[in-house]
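Residue numbers (the numbering used here): 3 to 78.
Yeah, the Cβ is synthetic: ideal placement off N, Cα and C, and Gly gets one too.
Everything on this sheet refers to the single structure shown next.
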């Protein structure tokens, strides 16, 4: 697909980012803590949490809409 190449380049940059951060003078423990794997895990968990919050808010909105009784089915 069209997203494979940009995604692989992004993952490669994330993977080698701690090496470049160490060359800038940041301590190696800090650079490895915010390294590629931990950064990907933190971002993945944050995105999943936001998706869960959005789905709960959407469900609450629809529950309130259904309980209000504003829409009624056709009575024939």
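#1: Are the segment 14-21 and the segment 30-39 touching, with three or more C-beta to C-beta distances below 8 Å?
#2: Would you kindly check if the distance between the Cβ of residue 20 and the Cβ of residue 34 is under 8 Å?
#3: Please work out which residues of its chain come closer than 8 Å, Cβ to Cβ, to residue 3, disregarding the five sequence neighbours upstream and downstream, and give them in chain order.
#4: Quick check on the DSSP output: what are the complete alpha helix (DSSP H) runs of length 4 or more inside the segment 25-51, in order along the chain?
In short:
#1: Because the criterion of three Cβ pairs below 8 Å is met, the segment 14-21 and the segment 30-39 touch.
#2: Cβ atoms of residue 34 and residue 20: closer than 8 Å.
#3: No residues qualify anywhere along the chain.
#4: If you keep only unbroken alpha helix (DSSP H) runs of at least 4 residues inside the segment 25-51, you get 30-35.
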